[in-house]
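Here the structure is laid out as structure tokens; the discussion comes afterwards.
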Amino acid sequence: MKSLSAIGAPPGSEWRRGDALIGRESEPSQARSSGVSAKLVSVDGGRRLAGRSHRRVARVASVLLALLASGCTSEDAPPGTSGDQGPGSGTGGDGGTGGDGGTGGDGGTGGDGGTGGDGGTGGDGGTGGAGGDGGAGGTDPDSSVAPNKNPQFRWFEYEGKDPVYQEFTAGEGEYSNPILAGFYPDPSLCRVGEDYYLVNSSFSYFPGVPIFHSRDLVHWTQLGHVLDRPSQLDLDSQAISEGIFAPSIRYHDGVFYMVTTLVGGGGNFFVTATDPAGPWSDPIWLNSVDGIDPSFFFDDDGKAYVVNNGPPAGASLYDGHRALWIQEFDVATQKMVGPRSVIVDGGVDISKKPIWIEGPHVFKVDGTYYLIAAEGGTGDQHSEVVFRSASVTGPYEPYAGNPILTQRHLDRNRPFPVTSTGHADFVQLPNGDWWSVFLGTRPYEGDLYNTGRETFLMPVRWVDGWPVITAGTETVPYVHDAPALPPQPAPATPTSGNFTYRDDFDGDELAPAWNFIRTPVEQWHDLTVSPGWLTLKARPAHLGRREQPSFVGRRQQHGWASASTAMKYLPSAPGDAAGLVAFQNDDFYYFLGVTLADGKPVIQLQKKAGSSANGEPQVIASAPLDLSAGAPIHLKIEAQGPAYSFSYAREPGAWVSLLEEVDGKILSTQQAGGFVGTYIGLYAYTEQP
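Those letters in the sequence shown? Residues 2 to 690, per this note's numbering, in order.
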């Protein structure tokens, strides 16, 4: 099988932007924002990237030396310090609020006398001087209380420690499954020369549709998101499991196409780009195409088609009865043309009442058209099936050996099971090999998993002219031989195996792994007001109310994991709250953070598990908290499969348990419902903005 399908350019072609080859692993321009900064501590136990920015240390040192050497007034303040007025040595005005640790001076009462304003909060510890009316001026950023209800977060650290990776470790020439751990469902990919691009569903998280790049199908770097502007994606009031379903990415004649469905919104649409890192166009709506899961197919005769899931042509015969439709698409006018027709009714065998035929893709191999699709629903009965035809519009015959991928008939109690496999996409390598990405889940018990549906990789073999991924009792492996592609270095932000990730919030923008709940309606997060801190504006938008809360989170990517942060915060009114959240959807989450009880600060654990009469979470643990010392409070959530533990610390590493082994099953997709996985994120709320 040597013919390249219409999903990419011919073998040997390259994608370039100007004179530069796009997407090389070594190119720093792969991330959308050059200001993004995140720190990787270790991958499978091995250190790979150092901690803090040397650039910041240099700036702090230069400021200190300048002040010690000459005494700085407001007129000759070095870059990054603040000088309102004041003769005399180092009056410093607002005490070095700017830059990365300006000092507040050592004497004199002139000006503001080293009061510091936000003095020296930036950087890694500028000091505030010894003289004047200094007060708290210029104190170390790790030892001052926020002056208002907007919390500041110094860092966030995530550690994944799944036992399966102690049992199965990828060696040289091998890779670990899943290749994208955590909530990365419905993968679709395309090849352009030596570069591979992959997208996933994002539902009601914003930005939408994460896009990744790889050159070996194993190591993936996130370029950003396809839908990163409010003009592209309005998720107002959407349920978490509405929003963006099953994107498909294809490349044709110098243009990338991403087509998807906005469930609960406007329906099916596509966007285009000449650079996969963006910018992508605003949506072009396919108003005549109903249903979900559209996918483009570009034939070698110049014609193009959209294939998708829709209702059957006649009356539905049973619950879950769906059909696959095809219609021609005019590339020049970007409109659907000609009649729509059903190419699969129900599934492989409608007499057996197959359910939820969806996620279709069409490929052409040696003159034959192949149609692959998911069947059986997204739970443990999920599968992938294949049909073929001599004509793109059918009729299509099913493979007698269907399904070509499933794990539904295997023992659920086997060690480290991978289940619910399906929703696949194919890609052909330059040497003619075929590979598939697909979704699967890793339950910790029965059909319970909190990590959502993840992206797996396996080879496709051809049997009597049919593509097959697994057959019989074959299991999806955790370790497999890598594709026949030049191996690439591991990405700075890992996506597979056990790893530790740290973000010190010292960039200009959030790293692309972070997401918001629904589309932001205002700017409520900031990385510049206090450099080295993530500041969240507390707003009266609450978790659980289909609002757009001040929440920024990243995926829980392991069943066994911990997430921690250091937060500077002082609640000032009843209802004020800020902290760390394990969030599944609006009705199922845990909040660990600081709030007020009887007018005094407390550390509190709140639980929401289903809709309640007033829609409010339940307080399940609380302890008094003395914030007078001014140091940040450290918060930690630890997942151990079905159990979660919550702790806090006033000194680094001195953890105090607030509540241990709480029911984590409420964060599973099975109990919470819907299609997403758990996020762990930072959150702020106030009733009185």
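We put the CB at the ideal spot given by N, CA and C, even for glycine.
Tell me where the beta strand (DSSP E) around residue 335 begins and ends.
Unbroken run through residue 335: none, as it is neither H nor E.
Of all Cβ atoms in chain C, is any one closer than 8 Å to the Cβ of residue 234?
Reference to chain C is not applicable here, since this structure consists of a single protein chain.
In angstroms with no decimal places, state the Cα-to-Cα distance between residue 223 and residue 514.
8 Å
Taking the DSSP output, what are the residues bridged to residue 193?
196
For residue 571, which of 369, 370, 178 and 580 has the nearest alpha-carbon?
580
Applying the 10 Å Cβ sphere with the 16-neighbour rule, what's the burial state of residue 666?
buried
Given a threshold of 16 other Cβ atoms within 10 Å of its Cβ, counted over all protein chains shown, does residue 227 qualify as buried or as exposed?
buried
Contiguous beta strand (DSSP E) assignments of at least 3 residues, all confined to the region 371-456
384-390, 420-429 and 435-442
With a CB to CB cut of under 7 Å and the five nearest residues on each side skipped, what residues in its chain are close to residue 675?
241, 242 and 586
Once the 5 residues before and after residue 27 are set aside, which same chain residues still bring their CB inside 7 Å of it?
Confidence at residue 27 is low in this model, with a pLDDT of 33, below 50, so the placement of that residue should be treated as unreliable; the coordinate-derived value is given next. Same-chain partners within the cutoff: there are none.
Give the range of the beta strand (DSSP E) segment to which residue 686 is assigned.
680-686
Return the chain-ordered list of same chain residues with a C-beta closer than 6 Å to the C-beta of residue 511, the five sequence neighbours on each side being excluded.
none
Find the nearest neighbour of residue 622 within the set 599, 612, 635 and 594, judged by alpha-carbon distance.
594
Drop a sphere of 10 angstroms on the beta-carbon of residue 1, count the other beta-carbons inside from all chains shown, and report buried for 16 or more, exposed for fewer.
Shown here, the chain extends from 2 to 690; a query on residue 1 therefore has no answer.
Judging by CA-CA distance, which residue of 263, 596, 661 and 636 is the nearest neighbour of residue 644?
661
Measure the C-alpha to C-alpha separation of residue 635 and residue 682 and round it to an integer number of angstroms.
14 Å
Near residue 406, which residues of its chain fall below 7 Å by C-beta distance, leaving aside the five closest residues on each side in sequence?
384, 385, 422, 423, 425, 439, 470 and 471
With burial defined as no fewer than 16 other Cβ atoms inside 10 Å of the residue's Cβ, what is the status of residue 410: buried or exposed?
exposed
Starting from residue 632, trace the beta strand (DSSP E) in both directions and tell me its first and last residue.
Premise fails: residue 632 is in no beta strand (DSSP E) and is neither H nor E.
Counting C-beta neighbours from all protein chains within 10 Å, is the total for residue 322 16 or more, i.e. buried, or is it exposed?
buried
At what residues does the alpha helix (DSSP H) containing residue 165 begin and finish?
165-168
Would residue 677 be called buried (16 or more neighbouring beta carbons within 10 Å of its own) or exposed?
buried
Take every Cβ of the region 263-274, pair it with every Cβ of the region 282-295, and state whether three or more of those distances are shorter than 8 Å.
yes
Between the C-alpha atoms of residue 547 and residue 237, what's the straight-line distance to the nearest angstrom?
8 Å
Coil, strand or helix - residue 658 by DSSP:
strand
Can you tell me whether residue 241 is helix, strand or coil according to DSSP?
coil
Does the pairing of the region 391-399 with the region 344-355 give three or more beta-carbon distances under 8 Å?
yes
If you draw a straight line from the C-alpha of residue 727 to the C-alpha of residue 468, how long is it?
Only positions 2 to 690 of the chain appear in the structure, and residue 727 is not among them; the question remains open.
Is it right to say residue 285 is buried, meaning 16 or more other beta carbons lie within 10 angstroms of its own, or is it exposed?
exposed
I need the DSSP call for residue 524, collapsed to helix, strand or coil.
coil
Quick check on residue 162: does DSSP put it in helix, strand or coil?
coil
Could you give the DSSP three-state label for residue 666: helix, strand or coil?
helix
Rounded to whole angstroms, how far is the Cβ of residue 249 from the Cβ of residue 295, which I believe are closer than 8 Å?
7 Å
Where residue 255 and residue 363 are concerned, what is the direct C-alpha to C-alpha distance, given to the nearest angstrom?
20 Å
Identity of the residues DSSP links to residue 295 by a beta bridge:
Looking at the DSSP assignment, residue 295 forms no beta bridge with any residue, so it has no partner.
Contact between the region 551-570 and the region 153-165 (3+ Cβ pairs under 8 Å)
yes
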